[in-house]
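In my numbering, the protein residues as written are 21 to 467.
Built from N, CA and C at the ideal position, the CB exists for glycine as well.
Presented below is the structure to which this report refers.
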Ligand SMILES: [Zn+2]
């Protein structure tokens, strides 16, 4: 009897310690006065967008200095790593008590170039029109970079309890050559080594159009070969997590599409359905390797027939595909041995992170608190993010930008009039902070 009573007391004591940890966090979150941080987030985003980090040339040093000053004024330890003239990464850290492994907030500071002629507000103005903040990088990815910086500022000022280090890493050159992240991983891997989680951007597909050159032999032969390549239907291959993705998004589709997506494997056996699905550019890349003809070069002058011509293909392979085998298939489709085919950039093996992790579950939970109807699903991305470089270090990496945008706004990424609604920035800073604060104070208890 006595022993049993003792046990019960011990158990109660344990529970009360755990509860008080959680209560402390909830109290912390409730005590924050969001209004002023939200105003500050929008103001700082405008300021950040005014720094021209068009890549090339990049000039991310200016953006790194912006964060450096900001973090210094909040007493957050940080370092600018200049690795080439005007090219720099910035690293900042808030130390946790060391119980758990670090969480990394990763963002890139460079943006793609902008042609100001077609913009309603100049691309480096950070101007607000109709409640939307305009600027190159407003979606890719100065919005997320700034939200991550805000999370650091709020965590420092509000003295967020931390069981893990909170690392902020802003890199250069993501849009062109990944030299910034490559420098970190080669020279200072200790900055991220041992981290358990990483949050960065989600990518959307990047595409372009080209035209077929006119006149004579070298260009003509190339044009014929490329016509075969462009019409080539690569085989359909259904990956398990893509199958799961379709199964889950069926919930927001109408019939008869919904039933088909729910059992996509069976549905794809119908050739008419397979063709229709492949005809949807948002679905096509999920089920097959894709090839886009992007660069075509021939003569510089209309009346000169060139003796050589060349083109470039953007090839995206599904995870698990063998690049050499693909190259052999491509040669067979081109079927012209006077056309040389060479890989022009290094092949990057696709990778992914599992969804049964604390960070994933926390994102799901916080998203649903803010929008009960939101669907949180793992997705195969047609684009590229730096997650690919950090996952091999054993860090669970996800794209998560807590900003809801319409398809119309989405299409401005890498295009004219890139912008983000100011109220989404205001909401986003709170969501991201909640995710980070929870993950920074919890251990993954599920195996
Ligand atoms: Zn990006």
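Per DSSP, the bridge partner or partners of residue i
| i | result |
| --- | --- |
| residue 317 | 330 |
| residue 128 | 191 |
| residue 112 | 98, 188 |
| residue 312 | 334 |
| residue 419 | 220 |
| residue 440 | 153 |
| residue 74 | 131 |
| residue 83 | In DSSP, residue 83 forms no bridge with anything. |
| residue 123 | 186, 217 |
| residue 107 | 104 |
heavy atom of ligand 1 below 7 angstroms from residue i C-beta
| i | result |
| --- | --- |
| residue 430 | no |
| residue 160 | yes |
| residue 390 | no |
| residue 128 | yes |
| residue 80 | no |
| residue 194 | yes |
| residue 221 | yes |
Residues near residue i in its chain [Cβ-Cβ closer than 6 angstroms; skip 5 each side]
| i | result |
| --- | --- |
| residue 99 | 111 |
| residue 456 | 171 |
| residue 375 | 398 |
| residue 156 | 131, 134, 143, 438 |
| residue 173 | 94 |
| residue 370 | 339 |
| residue 334 | 312, 314 |
| residue 23 | For residue 23, the predicted model reports a pLDDT of 38, less than 50, meaning its position is unreliable; a value from the coordinates is still stated below. The answer is none, since no qualifying residue turns up. |
| residue 203 | 103 |
| residue 62 | 442, 445 |
| residue 84 | 100, 108, 110 |
| residue 458 | 382 |
| residue 216 | 121 |
| residue 306 | 262, 400 |
| residue 288 | 294 |
Short CB-CB distance (under 8 angstroms) between residue i and chain C
| i | result |
| --- | --- |
| residue 241 | Absent from the structure is chain C; it holds one protein chain and no more. |
Own chain residues within Cβ distance below 7 angstroms of residue i, not counting five before or after
| i | result |
| --- | --- |
| residue 437 | 139, 140, 154 |
| residue 58 | 446, 449 |
| residue 341 | 309 |
| residue 117 | 182, 183 |
| residue 303 | 297 |
| residue 466 | 376 |
Cβ-based neighbour list, residue i, same chain, cut-off 8 angstroms, excluding 5 preceding and 5 following
| i | result |
| --- | --- |
| residue 248 | 353, 354, 355 |
| residue 250 | 311, 313 |
| residue 278 | 270, 271 |
| residue 395 | 268, 269, 271, 272 |
| residue 146 | 65, 66, 67, 68, 69, 70, 153, 154, 155 |
| residue 151 | 441, 442, 443 |
Closer than 7 angstroms: residue i CB and nearest ligand 3 heavy atom
| i | result |
| --- | --- |
| residue 199 | For ligand 3, the structure offers nothing, since it holds only ligand 1. |
- [ ] Would you check if the stretch 377-391 and the stretch 345-354 touch, i.e. whether three or more CB-CB distances between them fall below 8 angstroms?
- [x] Taking 8 angstroms as the limit for Cβ pairs, the verdict is that the stretch 377-391 does not touch the stretch 345-354.
Task: the stretch 66-81 / the stretch 102-117 touching (three or more Cβ pairs under 8 angstroms) - done: Counting Cβ pairs under 8 angstroms, three or more are found: they touch.
- [ ] Could you tell me which uninterrupted beta strand (DSSP E) segments, each at least 3 residues in length, are contained entirely in the stretch 139-222, listed from first to last along the chain?
- [x] Correct list: 152-154, 186-191, 217-220.
TODO: Spell out a yes or no on whether the stretch 112-119 and the stretch 400-419 are touching, meaning 3 or more CB-CB pairs, one atom from each, closer than 8 angstroms.
DONE: no
Task: Runs of alpha helix (DSSP H) wholly within the stretch 237-307 (minimum 4 residues, chain order) - done: 237-251, 260-269, 277-282, 284-287, 291-299, 301-307
Open item on the list: Does the structure place the stretch 179-186 close enough to the stretch 364-384 that three or more beta carbon pairs sit under 8 angstroms?
Closed with: no
Open item on the list: Under 8 angstroms: do the stretch 150-170 and the stretch 119-138 share three or more Cβ pairs, one atom per stretch?
Closed with: yes
TODO: Let me know the alpha helix (DSSP H) ranges lying completely inside the stretch 325-410, each 4 residues or longer, listed in chain order.
DONE: 343-354, 378-390, 407-410
Open item on the list: Quick check: the stretch 278-285 against the stretch 257-266, are at least 3 beta-carbon pairs closer than 8 angstroms?
Closed with: When Cβ pairs closer than 8 angstroms are counted between the two stretches, the stretch 257-266 is seen to touch the stretch 278-285, the count reaching three or more.
- [ ] Report yes or no: do the stretch 358-366 and the stretch 426-434 share at least 3 C-beta pairs separated by less than 8 angstroms?
- [x] no
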